[in-house]
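The structure appears below as C-alpha cells.
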Amino acid sequence: MRMPLFRKTKRWVTIASAMLLSSLLLAACGENSPSILNPRGPVAAKEADLFYIILGIATFIFIVVEGVLIYSIFRFRERPNSPAPRQIHGSNAIEIAWTVAPSIFLFIVLGATIYYMFTLTDFDTGNRFKVNVVAHQWWWEFDYMNYPGSNGHPIVTADTMHIPLGATIEADLISNNVIHSFWVPALSGKKDVVPGHNNQLIFRADAVGTYPGECVEFCGSQHAHMHFDVVVDAPDAFNTWISMQQQAATPQNINAVKCTTPIPQSDLVACGAKFFAQGACVGCHGIVGVDLKGYDDPRAAGLIGPNLTHFGSRDLIAGGVLPNTPANLATWLSNPQAVKPGNDMPQLGLPQDQINALVAYLESLK
Amino acid sequence: MATIVERPSVVRRKRFGETYIGSWIMTTDHKKIGIMYIMTGFFSFLVGGLEALLIRTQLAQPNGHVLSPEVYNEVFTMHGTTMIFLFVMPMLTGLGNYIVPLMIGARDMAFPRINAFGFWLVLFGALFLNSSFLFIGPNGFSAAPNGGWFYYAPLSEQQYGCGVAGVVGCVNADFWALGILLLGISSIASGLNFVVTILRLRAPGMTMNRVPLFTWMTLITSFLLLFALPSLTAAAVMLLLDRHLGTHFFDATFHGDPLLWQHLFWSFGHPEVYILILPAFGIISEVLPVFSRKPIFGYTFIAWSGVAIGFLSFTVWAHHMFAVGLPTIAQAFFATSTTLIAIPTAVKIFNWIATVYGGKVSLKAPMLFALGFIAMFLIGGINGAALAVVPFDYQVTDTYFVVSHLHYVLFGGTVFGVFAGLYYWFPKMTGKLLGDGWGQVQFWLMLIGVNLTFFPMHILGILGMPRRIYTYPGNLGYNELNLMATVGAFIIALSILVFIYNVIISLRSGKEAGTDPWDAFTLEWDTASPPKVYNFLTIPIVRSRRPFYDMKNPDIADWKTATH
Amino acid sequence: MSEEQDQNQVSGQPQQTPAKAGGSKSKSKSKSKSKEAQEQAISPQQSVWPFALAFALAVLLIGFIMHPIVLGIGVVLVAVAIIGWGLERR
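Protein chains in written order, with my numbering: chain A, 18 to 383; chain B, 123 to 686; chain C, 27 to 116.
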C-alpha cells in the first residue's frame, strides 16, 4: 500500500531535517539573545565550532538509528498472513561490530574534546588584563586592580564590565556568599564563582560591542535577575573610560541649596547630592569624593551595596535588571522590592521630589 | 479422592489484619506492597506534574507574575525532588516488587517485612516532604525546600536556608535533608531485599544466565542503590550538622569547601540516574520480544552492558561539575569515563532495534510505549553525549539545554518505560486489560507533548537561557519557544488524564485478560490474574530464558534449540 | 482432584511434565488441612512492625524540625518498634 505523500522512511527524514533546520533558523533569529552561536572571541568561537560538529554528528546518528527503527516497525508490522518469525537469539559477530565501530568513533570525538580543552586558551600570552569579578546576591561588582596608571589604586564599579579589545582578560571570580556562575556567551563558556576557590576565566574579545552576561548557577530568590554586560572598548576608548573612572565625583555645593519642595530645576543635582550624603544611602553605598576617600577606603569594605561613583556611565542598574535610564532609576528608587523582591535594598519611602533629585544627581555621575 | 469437610469456624470479631485497611497496613505480600508503591508513585507523579504545570505557566510569558520568586523556587525544587524520589523510584520499586518474584518463580521477596518497611518509609517520606508546604517560615513563605533538588552548599546553609540574607530560622533545607534521609533508608532496604531475593530465591534451573532482563536490571539497580545512597545520606547528615551543630564541612569561611557537597552529592547523583533508567531498560527488554514474537536479541550483551553501566556509573560523577573550576586534567578524566559509559548504552539500543527487526510487530499499547522509549531515549542519549564534549558543555551547562537532556532521558525514557510496563502488566495485576484504544490516544498525545515541550529547550539553552530562573526578559528571543514548551506540557497533562480515565473504565468494565493475554514468555504469566497469594502452587523448573514459552511450545522450546 | 484443579487455575495453558515434576512431593503432607490453611502455610505472614517502625522514624524526623519533645517521643517509638520487630514470632 503506497503512502500518499512520501514513502515511509523519506517522510521521516524530511520531518527530522525540517525540525533541525528550523531550530537552526530559530537560533539565528535570536539576534538579541546571549546566544552561544554569535561568538566574538576565540574561546566562544571554538566552542561554537564544536557545536556545529556535534550537530552534524547528532543529525547523522539520529537519522540513521531512528530510520532503522522506523523502518523495522513498518516493514515487520504484523499482517494477517505473516508467519512466525525466526527465533534469533543474537549474533556475536554483529555485537562485536556494533560495539567496536561506535567505540572507535566515540574515542575520536573524545580525542577532539580533550584537544580542544587543552588548547582553549592558546591565545594567552601571559600578558593578561586582570579584573576581579565579585559576585553578590544579586549583583556583579567589577574591581580593576592592575590597570595601566593605577598606582596601586583600584577602580570599583558594578553591573557593566569594560574590557579592552584584543587583550587577554583574566577574570578572577570571587564570592563570599554562595556559588554563582559568570557567563558571557558571546565571549566564553561559563565558570562558577565558588566561595573559597580561586577560579579564573581566561578569554579575549575580538570585536567592539556590548555583550550580555548572566549569573547561571542558582543563587537564591533573585538568581533570575543577576545580569550584567561586558562592554568591549577599542584601546583609546578604554583608556578614556579608565581615566574617567579614576576621578572622584564632582563635588556639589550641597550647603548652598534649599532642597524643600518644590526643588528648582537648577538645584536638582545638588539637592540629590545632599540627599545622598545626608540620607540613608551612605549606609550602604559609596561614592568616591562624597563618603569615600578612594575606592580602597577601608569604609568601603563594610558597604553592602554597589559603589556608585560613576553610576551615570553604566548601561545597567540594579544587578543588571534594568537599563540605566532616569525612568528606570526612579522606579527602582521608589520601590526596589517591587522590581526585585527580596534584594538587600530596603523600601525607603522616599517622596517623589527626593527621587527626582537623586535621579538627576546619580545620572550626572558619568 | 477424599471429599474435604470444612469445619465451620468459630464466630469471632475480625482481627485487625483481616479488615480491609488492616490487610493493607499489615501486609508483607510483595504484590500488595507493589501495588501500594505503584499507587504512591503515580500519585506523586500527579503532584510533580502539577508542579511542572505551575512552572510552565509562570514561564509561558516573559516577566510572568503567576508565581513569586520564592514560591517558584520551592515549586521547581519540589518538582525535581518529587519526580525523582517520590515518583520514579517508588514506581520502579513497585513494578519490581510485584513482578520480580513472579518472574523468578519465587513465593515472595527474601525479607517480606523489610519490603513493607521500605514502602511505609516512602509514604511517610512523601507526606513529610509535602507537609513542608504547610509550615510557614519566618520569612512569610512556606518552608518547602527551595534550593534546587541538588541543594548546593553554601546556599543550603545560608541563613538557615531561606536564601534571603538576614532572615533566621527557615527550615526549608532541613525538610529536604530529613526527607532525603528517610527515603534513603527505604532505598537501601529495598536494594538489599532485591539483591538477596534475586541471588537466592530463583526457581530450580534458573541460572543467572536465564534470568529475565527486567530482573537483571533490577539486580544491578539494587547494587547501585546500596552503594550510592550512603553517599547522599552522609552528605545530608553533614548538611544538617553544618546547619545546626556548628560544623563547617561546606562553609568556606571556616576552611570548609562547597565543592565537597557537590562531589558527595554527585557521587550519589550519577548512579542515581542509572537507578532511574535501568529498570526501564529492563521493562523494554521484556515488552519488545513479546510484541515482536521473537527472543530479545543479544541477551548476554544487554545483561553485561547493564553491569558495565553499573560499574562505570561510579566513575563519571564530575561531568555534572565541568564548570566549577576543576583542573583540566581531572575534567579530561571524567570526559573519558563519560564517553566510555556511552558505549554499553549504545549497544543496548542496537540490540533492542535488532529485536524488532525481523519480528512480527504488534503495535499494541505496551509496544508503542516501548518503541517510543527507544526513539526518545536516543535523543536524550545524543544530547547527553554532546554534553560530554567539555568545551561545548562550558557553554550549555546550567542552561535549558541540560533541562532538555534530562527530560528526554527521564520522561522520554523512564516514563515511557513505566507506561509500557503498566500497560503490559496491568492485566496480570488486575485481571482486566487496559483499553488499547485509549492507550493509543495517550501514547500519541504524550509523544507529541514531550517533543513539543522539551525539544525547544535545546534551542533555549543555545540562546543563553539559564536554568532555574523564575522569569526572563521579553527581548531575548525566548518568548515563542517558552510558550511552545508550555503548550506541550499541557498536552502531556491531557495524555495523563486520558490514562487515568482509561484505568478507571478498564477496572470497571475492561475486557477480561485471562492469565496470558499477550502470549508472553516469562514465568509471571504462568499464574492467575491476579496471582494467588502464594504465586505458584508448585515452583516450576526452568530450562531456558523463556520458560513459559517453552511450556506452551514444547516442540520448539528454547532449551531444544538454543544453548543457554 | 483439588490438586489438579489448582494447577489448572494457576496455569492457563495445558502443560505436562515440567510443572508436575516438582509438584507431587509438596502436596502429600498437607492433604488433611483445609485449603485456606494450605495457602497460609506458604504465604508470608502479616506484621504491623514495618508500618510501626516507619511511622516512628517519621515522628523522629519531624521532631528535628518541630520540638525536642517530639524527637524524644520518636526515639522511644523507634526503640519500641525495633524491639517489637525483633521479638515477633515468624
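All residues carry an ideal CB built from backbone N, CA and C; glycine is no exception.
All values derive from a computational prediction rather than experimental measurement.
- Residue pairing of His197/A in beta bridges, as defined by DSSP: Val210/A.
- When DSSP states are grouped into helix, strand and coil, Asn216/A belongs to the strand group.
- Check the Cα spacing between Pro281/A and each of Phe79/A, Asn373/A, His179/A: the tightest is with Asn373/A.
- Here Met178/A carries a strand assignment [DSSP, helix/strand/coil].
- Residue range 142-147 is occupied by the alpha helix (DSSP H) that includes Ser145/B.
- Segment contact: the stretch 524-541 of chain B against the stretch 570-578 of chain B, three or more CB-CB distances shorter than 8 Å; contact assigned.
- Secondary structure of Asn272/A (DSSP, three-state): coil.
- For Ser351/A, no beta strand (DSSP E) encloses it; the enclosing alpha helix (DSSP H) starts and ends at 343-351.
- Within the stretch 73-92 of chain C, Ser73, Val74, Trp75, Pro76, Phe77, Leu79, Ala80, Phe81, Leu83, Ala84, Leu87, Ile88, Phe90, Ile91 place their CB atoms closer than 8 Å to a CB of chain B, listed in sequence order.
- In this structure the stretch 513-526 of chain B does not lie against the stretch 470-482 of chain B, because fewer than three pairs of beta carbons, one per stretch, are closer than 8 Å.
- Here Lys654/B carries a coil assignment [DSSP, helix/strand/coil].
- Put simply, the backbone Cα of Phe91/A is about 17 Å away from that of Lys416/B.
- Chain-order list of chain A residues neighbouring Ile504/B: Ala75, Ile78, Phe79, by C-beta distance under 8 Å.
- A Cβ-Cβ distance of about 5 Å is found for the pair Val151/A and Ile191/A, placing them in contact under the 8 Å criterion.
- The beta carbon of Phe541/B is closer than 7 Å to those of Phe491 in its chain, skipping five residues each way along the sequence.
- The closest CA to that of Gln453/B, considering only Phe423/B, Ala510/B, Ala425/B, is found on Ala510/B.
- For secondary structure counted as the beta strand (DSSP E) over 3 or more consecutive residues, the stretch 240-290 of chain A holds these complete runs in sequence order: 244-250.
- By the CB criterion at 7 Å, Met339/B and Leu398/B fall outside the cutoff.
- Under the DSSP assignment, Leu348/B falls in the alpha helix (DSSP H) whose first and last residues are 335-366.
- For Val151/A, the enclosing beta strand (DSSP E) has its first and last residue at 145-152.
- In this structure, the CA atom of Val293/B is about 7 Å from the CA atom of Gly259/B.
- Spanning the alpha carbons of Val211/A and Leu381/B requires a straight line of approximately 8 Å.
- Residues of the stretch 585-607 of chain B that bring their beta carbon within less than 9 Å of a beta carbon in chain A comprise Leu585, Gly586, Met587, Pro588, Arg589, Arg590, Ile591, Tyr592, Thr593, Tyr594, Pro595, Asn597, Leu598, Gly599, Tyr600, Glu602, Leu603, in sequence order.
- Secondary structure of Tyr159/B (DSSP, three-state): helix.
- Setting aside the 5 residues that flank it on each side, Phe548/B is surrounded in the same chain by Leu556, each with a C-beta closer than 7 Å to its C-beta; the list follows chain order.
- Between the C-alpha atoms of Thr467/B and Ala607/B there is a straight-line separation of about 28 Å.
- The contact set of Leu335/B on chain A, defined by CB atoms closer than 8 Å, is empty, because the minimum CB distance reaches about 13 Å.
- Under the 8 Å Cβ criterion, the stretch 302-316 of chain A does not count as touching the stretch 133-141 of chain B, having fewer than three qualifying pairs.
- The C-alpha of Pro56/A is placed about 27 Å away from the C-alpha of Thr460/B.
- For chain C, the residues of the stretch 218-242 of chain B that bring a beta carbon within less than 9 Å of one of its beta carbons are Arg229, Asp230, Met231, Pro234, Arg235, Ile236, Asn237, Ala238, Phe239, Gly240, Phe241, Trp242, in chain order.
- For Leu386/B and Gln217/A, the gap between their C-alpha atoms comes out near 24 Å.
- Within the model, the alpha-carbon separation for Val518/B versus Met587/B is close to 9 Å.
- Cβ-Cβ distances below 8 Å link Ala82/C to Gly100, Leu103, Val104, Val106, Ala107 in the same chain, with the five nearest sequence neighbours on each side left out; the list follows chain order.
- Any Cβ of chain B closer than 7 Å to the Cβ of Met134/A would place that residue at the interface, and such an atom is present.
- Checking the DSSP bridge columns, you'll see Tyr161/A partnered with Ile172/A.
- Residue environment: Ile271/A is assigned as buried (16 or more neighbouring CB atoms within 10 Å of its CB, all protein chains considered).
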